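First up is the structure itself, then whatever we jot down about it.
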Amino acid sequence: MFKKAIKFALGLSVAAVGMLMVGCGGDVDASDSSAGTTGAITVFTREEGSGTRGAFVEIVDITVGGNDNITMEAVVTPGTSVMMTNVAGNPLGIGYASTGVALNDDRVRVLSVDGVMPTVENMLNGTYAIQRPFIIGYNTAEGLNPLAQDFVDFIFSAQGQEVVADRGYVPFVPTGAPLYSASGLTGTIVVNGSSSVDSLMQHLAAAYRAINSNVTIDIHGAGTGHGISAVREGLADIAMSSRDLRESELEILTPLTIAIDGIAVIVHPSNSVEGLTLEQVRDIFLGDVMRWDSVH
Amino acid sequence: MGQRSLSHYMEPAAKILFILSASAAIIAVGLICVFLFMQGLPAIWNIGVFNFLLGTDWRPTWNPPLFGILPMIVGSLYVTAGAILFGVPIGIFAAAFMAKFCPAPLYKILKPAINLLAGIPSVVYGYFGMTVLVPFVREIFGGTGNSILTASLLLGMMILPTIITISESAIRAIPSEIYEGAIALGASHENATFRVVLPAAKSGVMASIILGIGRAVGETMAVRMVAGNQAVLRMPHEFLSGTRTLTANIVLELGYAYGDHRASLIATGVVLFVFVMLINTLFSLLKKKDGV
Chain F
1 MFKKAIKFAL GLSVAAVGML MVGCGGDVDA SDSSAGTTGA ITVFTREEGS GTRGAFVEIV
61 DITVGGNDNI TMEAVVTPGT SVMMTNVAGN PLGIGYASTG VALNDDRVRV LSVDGVMPTV
121 ENMLNGTYAI QRPFIIGYNT AEGLNPLAQD FVDFIFSAQG QEVVADRGYV PFVPTGAPLY
181 SASGLTGTIV VNGSSSVDSL MQHLAAAYRA INSNVTIDIH GAGTGHGISA VREGLADIAM
241 SSRDLRESEL EILTPLTIAI DGIAVIVHPS NSVEGLTLEQ VRDIFLGDVM RWDSVH
Chain C
297 MGQRSLSHYM EPAAKILFIL SASAAIIAVG LICVFLFMQG LPAIWNIGVF NFLLGTDWRP
357 TWNPPLFGIL PMIVGSLYVT AGAILFGVPI GIFAAAFMAK FCPAPLYKIL KPAINLLAGI
417 PSVVYGYFGM TVLVPFVREI FGGTGNSILT ASLLLGMMIL PTIITISESA IRAIPSEIYE
477 GAIALGASHE NATFRVVLPA AKSGVMASII LGIGRAVGET MAVRMVAGNQ AVLRMPHEFL
537 SGTRTLTANI VLELGYAYGD HRASLIATGV VLFVFVMLIN TLFSLLKKKD GV
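In C-alpha cells form, the structure reads like this:
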C-alpha cells in the first residue's frame, strides 16, 4: 500500500513537471516571426502615481477629459523591473519603460515611434516624441548640506554627464561641463524617489564613490511621490523625479534637471512589429486597438 | 538573609518584566487599531460607506476621483477561494500521508522540505510565479497569464506548509486507541485513517485551513507580482482575467498617494483588518466549540 501511494505521488509530480515543461516550451512556438505576430495584445502599465506613467500618459495623450484613461484591462506592474520581466515573458505584451533601462536590456525590444528610434541623437534633436526630464530636488528652505552639494556638483561635472550619456540618456549639460576633482568629504547621502531615475543614480553614485571612497550613498527607488515626501519630511537629502514637479511640490523643493530621458515602447523580442505611430500607441493603451493584427 | 531579600525582589521584578513583554503585543495591536480607524474611518465617511464598499470604479487620480473598492474586495475573495481549492485537498492528503502512510526514510526528506517551503520569502514565490506560473497558465489556459487562476495556484502553494504542518500534528494527536479500535473492528488501514482518525482530528484540520486562509488574505508581495492588478470587477467565470486584491491595492499606490487618495488606501486597510478579524474570530469560536 505504501508503495502504491508513493508511486501515485511520484507519477503526479512527473506529470506536473512535464506539464510545466510543455508550458515553458510553448513560449517559443508563439514567437514564430515569419507569420507575423497575431492575437490579443496584453497591455502592461505602471501603477497610478508612477512618474513614468504620468509622463507617458501626458505626452502620448492617453486621456479622456484630462484624466488618465489607460485601459482598465491593462496589467499593472509595480516598478520598472517588474515591467521589464513581464514584457520579457509575454510574446503578445506591450509596455513602456525608461529608454536608459529598456535599451540596455536585451530581454525586450524597443519599438520606433512614428518611425523614430529613441536614441540619444533623436532625443537631442527632438524627433523622438516621448521624452521627459529627469529631475533631482532638494528642500529649498534647508538647502543642500556640503556633502550633498558636492555630489550634485559631480552630477553636473564632465565625469557625471559622461555617466549619463553612457547609460543611454541625454546629458543636460552636453558640452563644457567643468571637471570634477575629489573633495575628501566623508558621510552619508540619502537619495529617494523615482524607480526610473534610480538606475541612473546608482551608476552616478558608483562613479562618485570611485573618486570619494569615504562617502556612502543610500539610494531608494521608492517612486517619485515617495521621494518628494521623504525630502519634505527630512528623511532624504535628494529626491528623484521622472516628471516635472507640480506647483505644490515647487513650493518646497528646488528642482535641477540632470538628464533627458525617453520613454521607450517595449515588446517581446519575438514580436514582428518594428514600430508604431504615436496614434497607434495611444489607441493600444486606451484599449481601442486590442489585436496585433490591427497594427501591421 | 541578604540572599533571601534579593529573591524577594527578583520575584516581583520578573513578574513585571513578563507582564510588560506580554502587553507589548497587546499595545502593538491597540496602536495599529487606533491608527487605522482614526485615519481610515473619516475617509470612508467622506467617500460614503456605500460608495466606498460597493463602488465598482477605482480611479484615484481622476478629477473628481472615484474610490470604489468592491473590485478589490471581490478580488481578495476569489484568490483566497482559489487558494483553498488548490491548497486544502493537497494539504490534508499530504498531512494524512505523512502521519499515517509515510515510510521513515521518505519522511526524513519530506518534513524538512515542507519546513523549507514555509521559510521561502514571499517575494521569491512571486518571482517564481512571474517567470514560471504566468507563462504556464498563459500557454495552457490562454489569456494574459496574469490572472485569478495564477494567483490562486501560487497562493495554494504558499498555504500548503501551514495546512500540512498543523493538520499533521492534529492527526498525530488523536489517541492511538481510536485507530486501533477501528482496525480491531475490521477496518483497513486506509479506512481507519480517512473515516475514523481524520474526522476525529477535524477541529485541528479546520484550524489549519483557517490559518491558511488568513495567510492567503494577507499575502501581498507574491500576489501583486502575478495577479495582473486590474481594479475591474470580475465575475467568477473570468478566472483567466486579472484582479487586484485589497493588499495589492494598498501597496501598489501607497508610495505615491497623498490627501484623499492616501486616506482611501488606509481605509482599504481598515476593510482588510475587519476581514482578518472575522477570520480570527471564526478560528477562536471553532477552538472554543471543540474545547481544543
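Line by line, the protein sequences are chains F and C. If you use our numbering, the first sequence corresponds to residues 1 to 296, in order. If you use our numbering, the second sequence corresponds to residues 297 to 588, in order. Glycine included, each C-beta is placed from N, C-alpha and C at the ideal position. These numbers come from a predicted model, not from an experiment.
Would you list the one or two residues that DSSP bridges to residue i?
{"i": "I217/F", "result": "I189/F"}
{"i": "N139/F", "result": "L253/F"}
{"i": "D68/F", "result": "T63/F"}
{"i": "F156/F", "result": "F156/F is not bridged to any residue."}
{"i": "R46/F", "result": "T77/F"}
{"i": "A40/F", "result": "R291/F"}
{"i": "V170/F", "result": "I260/F"}
{"i": "G524/C", "result": "T539/C"}
{"i": "L276/F", "result": "V113/F"}
Name the residue from the options whose alpha carbon lies nearest to the alpha carbon of residue i.
{"i": "F56/F", "options": "A129/F, N192/F, S183/F and V273/F", "result": "A129/F"}
{"i": "L542/C", "options": "L413/C, S560/C and E534/C", "result": "S560/C"}
{"i": "F389/C", "options": "T489/C, L581/C, A496/C and T539/C", "result": "T489/C"}
{"i": "T352/C", "options": "R540/C, P495/C and I459/C", "result": "R540/C"}
{"i": "E274/F", "options": "V110/F, R46/F and A40/F", "result": "V110/F"}
{"i": "L494/C", "options": "K396/C, P431/C and V566/C", "result": "K396/C"}
{"i": "L412/C", "options": "L381/C, L402/C, P457/C and W341/C", "result": "P457/C"}
{"i": "S305/F", "options": "E48/F, I189/F and E58/F", "result": "Past the boundaries of the shown model lies residue 305/F; chain F is included only from 1 to 296, so the question cannot be answered."}
{"i": "A239/F", "options": "N125/F, E233/F and G227/F", "result": "G227/F"}
{"i": "A544/C", "options": "R530/C, V384/C, H557/C and A518/C", "result": "A518/C"}
{"i": "E251/F", "options": "P178/F, A205/F and S229/F", "result": "S229/F"}
{"i": "V419/C", "options": "S301/C, T516/C and K404/C", "result": "T516/C"}
{"i": "F437/C", "options": "L536/C, G500/C and A503/C", "result": "L536/C"}
{"i": "G49/F", "options": "V64/F, T71/F and G79/F", "result": "G79/F"}
{"i": "A414/C", "options": "G452/C, E435/C, A377/C and P399/C", "result": "G452/C"}
{"i": "E142/F", "options": "S248/F, V265/F, E233/F and L245/F", "result": "E233/F"}
{"i": "L582/C", "options": "Q335/C, I505/C, V570/C and A447/C", "result": "I505/C"}
{"i": "C329/C", "options": "F569/C, S580/C, L578/C and S301/C", "result": "F569/C"}
Taking a contact to mean a Cβ-Cβ separation below 9 Å, would you say residue i touches residue j in this structure?
{"i": "V75/F", "j": "Q526/C", "result": "yes"}
{"i": "G221/F", "j": "G193/F", "result": "yes"}
{"i": "G36/F", "j": "S272/F", "result": "yes"}
{"i": "G93/F", "j": "N104/F", "result": "no"}
{"i": "S241/F", "j": "V197/F", "result": "yes"}
{"i": "G100/F", "j": "R243/F", "result": "no"}
{"i": "I260/F", "j": "P133/F", "result": "yes"}
{"i": "G538/C", "j": "V547/C", "result": "no"}
{"i": "G425/C", "j": "L449/C", "result": "yes"}
{"i": "F363/C", "j": "F348/C", "result": "yes"}
{"i": "A379/C", "j": "G514/C", "result": "no"}
{"i": "G225/F", "j": "G551/C", "result": "yes"}
{"i": "G510/C", "j": "I459/C", "result": "no"}
{"i": "A497/C", "j": "A466/C", "result": "yes"}
{"i": "L429/C", "j": "G441/C", "result": "yes"}
{"i": "I462/C", "j": "A503/C", "result": "yes"}
Residues of chain F with a CB under 8 Å from the CB of residue i: which are they?
{"i": "E307/C", "result": "Ordered by position in chain F, no residue passes the 8 Å Cβ test against E307/C, which lies about 45 Å from the chain."}
{"i": "W358/C", "result": "N67 and D68"}
{"i": "Q526/C", "result": "M72, E73, A74, V75 and V76"}
{"i": "A377/C", "result": "Under the 8 Å cutoff, chain F gives no residues; its nearest Cβ is about 21 Å from A377/C."}
{"i": "G387/C", "result": "Result: empty, since nearest Cβ-Cβ is about 14 Å, beyond 8 Å."}
{"i": "E549/C", "result": "E47, E48 and G49"}
{"i": "M521/C", "result": "P78 and V82"}
{"i": "V427/C", "result": "Just to set this straight, residue 427/C is Thr in the shown sequence, not Val. Correct list: T85 and G89."}
So residue i contacts chain C; which residues on that side make the cut at Cβ distance below 9 Å?
{"i": "A90/F", "result": "The question names Ala, yet the displayed sequence has Asn at residue 90/F. The contacting residues are V430, P431, R434, T440, G441 and N442."}
{"i": "N122/F", "result": "Here the premise fails: no neighbours, minimum Cβ distance about 30 Å."}
{"i": "D177/F", "result": "Per the sequence shown, the amino acid found at residue 177/F is Ala instead of Asp. Here the premise fails: no neighbours, minimum Cβ distance about 32 Å."}
Report whether the distance from the Cβ of residue i to the nearest heavy atom of the ligand NAP is below 8 Å.
{"i": "G477/C", "result": "Inclusion of the ligand NAP in the displayed structure is not the case, the ligand content being empty and no account of it being possible."}
I want to verify the contact list: residues of chain F whose CB lies under 7 Å from the CB of residue i, in sequence order.
{"i": "G538/C", "result": "V75"}
Residues of chain C with CB closer than 8 Å to the CB of residue i, please, in chain order.
{"i": "N271/F", "result": "Chain C residues near N271/F: none, gap ~15 Å exceeds 8 Å."}
{"i": "H226/F", "result": "G551 and Y552"}
{"i": "T38/F", "result": "Near T38/F there are no residues of chain C at all, since even the closest Cβ is about 14 Å away, more than 8 Å."}
Taking C-beta pairs closer than 9 Å, name the residues in chain F that residue i reaches, listed in chain order.
{"i": "R530/C", "result": "Correct list: empty, because the minimum Cβ distance to chain F is about 11 Å."}
Identify the contact partners of residue i in chain C, using a Cβ-Cβ distance below 7 Å as the criterion.
{"i": "A222/F", "result": "G551"}
{"i": "T42/F", "result": "T440"}
Which runs of the alpha helix (DSSP H) spanning at least 4 residues fall entirely within the segment 222-268 of chain F, listed in chain order?
Qualifying alpha helix (DSSP H) stretches, in chain order: 224-232 and 247-250.
Completely contained alpha helix (DSSP H) runs for the segment 318-400 of chain C, where each covers 4 or more residues:
Within the segment 318-400 of chain C, the complete alpha helix (DSSP H) runs of at least 4 residues are 345-350 and 366-392.
For the segment 47-66 of chain F, list every residue whose C-beta sits within 8 Å of some C-beta in chain A, in sequence order.
Absence of chain A from the displayed structure is noted, the protein chains being F and C.
Any chance you could list the beta strand (DSSP E) runs of at least 3 consecutive residues sitting entirely within the segment 401-462 of chain C, in chain order?
Within the segment 401-462 of chain C, no complete beta strand (DSSP E) run reaches 3 residues.
Considering only residues of the segment 85-146 of chain F, which uninterrupted beta strand (DSSP E) runs meet the minimum length of 3 residues and lie entirely inside it, listed in chain order?
For the segment 85-146 of chain F, whole beta strand (DSSP E) runs of length 3 or above, ordered along the chain, are 93-98 and 131-139.
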